[in-house]
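Here the sequence shown stands for residues 8 to 310, where the numbers follow my numbering.
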Amino acid sequence: MLEKLRELGIRDDLIREITEYRETYPVEQEYGSRIPKLEQFYYGKEVWEQAITAILCGENILLAGPKATGKSLFAENLAGVFARPRWDVSFHVNMDAASLIGMDTFRGGEVSFRPGPVYTAAKAGGFAILDEINMAKSEAMAVLHATLDFRRTIDVPGYERMELHPATRFIATMNYGYAGTKELNEALVSRFVVIQMPISKESLIKLIKKHYPDIREEGAGELTFMFLELHKKCENGEISSKALDLRGLLGAVGLMEKGLDIFTALDMGITNKTFDTYEQTLIRDTIRTRISKKTVKKDLFVK
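This is how it looks when you write it as structure tokens:
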């Protein structure tokens, strides 16, 4: 992973400090399996340098931006680069304080404390990934205030007060405009440094080529421009974010490589993600303005 950072052009002093961080905070053997073994890499030099600097300075990070910007992938990448065990916390309506910190449980004929993901990450020096943090209930986030600020402690009612391991970091992600999301309060946001995640042409092309090495550079470029055009229409409110699905795009490329018709594959991976017929028409029109009707598999792939 560090070699990939060098290839990306990350400064040598930052890479050196990452190595020192790893050596200073070795991971206990029981948590070694939680260190991500990365198969995908986030391409974006500026975002990498911002996040690395923040972590080395002891800050927690909020990755903000629209759908399909690679927030979850990048959070996983950070845990892998720093060689930290990762705990994922996906917020939903039933996520409460006890689910985060832990709760009493009956085991072996007696009551004992069963730690939650935030408690365990804090104790082990891991990275806790707080996914879709703007969907969290106020009760769930209130318990994190002391954990996320300068106090760096966790108070467990009826048990001890625990100091966070110095390597512990919290990386939150948030999308805009999803059902169930809400504005984060100022007290919570102030506990993070915020990184706006962009969608870049270069990163998308590299990502497509990483998944499908046989795709031509021009083919990856055309699909990327098409996706960015959809993103622009989404930002302008012409279409919803349902079709802005990066996983759907990658899935569609896989269908194309298997020989499925180009536009049928894009319908399955992107267009049909919305069930509004008018919106489907707008999406198909956008796709056809970027990709010729005569395009076939051999135009996109080497083999």
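Quick reminder that beta carbons are idealized off the backbone N, C-alpha and C, glycines included.
Judged by DSSP in its simplified three-state form, Q203 adopts strand.
If you look at V88, you'll find it isn't in any beta strand (DSSP E); it sits in the alpha helix (DSSP H) that goes K78 to V88. Fully contained in the segment 98–171 are the following alpha helix (DSSP H) runs of length 4 or more, in chain order: 104–108, 124–131, 145–149 and 152–155. Counting C-beta pairs closer than 8 angstroms gives three or more between the segment 93–111 and the segment 148–164, which meets the contact rule. A check of alpha carbon separations from G77 across E224, L253 and M102 identifies L253 as the nearest. Residue pairing from DSSP places R176 in a beta bridge opposite F134. The DSSP assignment places 193–196, 208–218, 224–242 and 253–264 as complete runs of the alpha helix (DSSP H) inside the segment 188–275, in order along the chain (cut-off: 4 residues). A residue is called buried when at least 16 other Cβ atoms come within 10 angstroms of its Cβ; V303 does not meet this threshold and is exposed. Judged by DSSP secondary structure, L45 falls outside any beta strand (DSSP E); it is assigned neither H nor E.
DSSP places R29 in the helix class (H, G or I) of the three-state scheme. Taking the CA atoms as reference points, R295 sits about 12 angstroms from Q287.
Going by C-alpha positions, F232 is about 7 angstroms away from K208.
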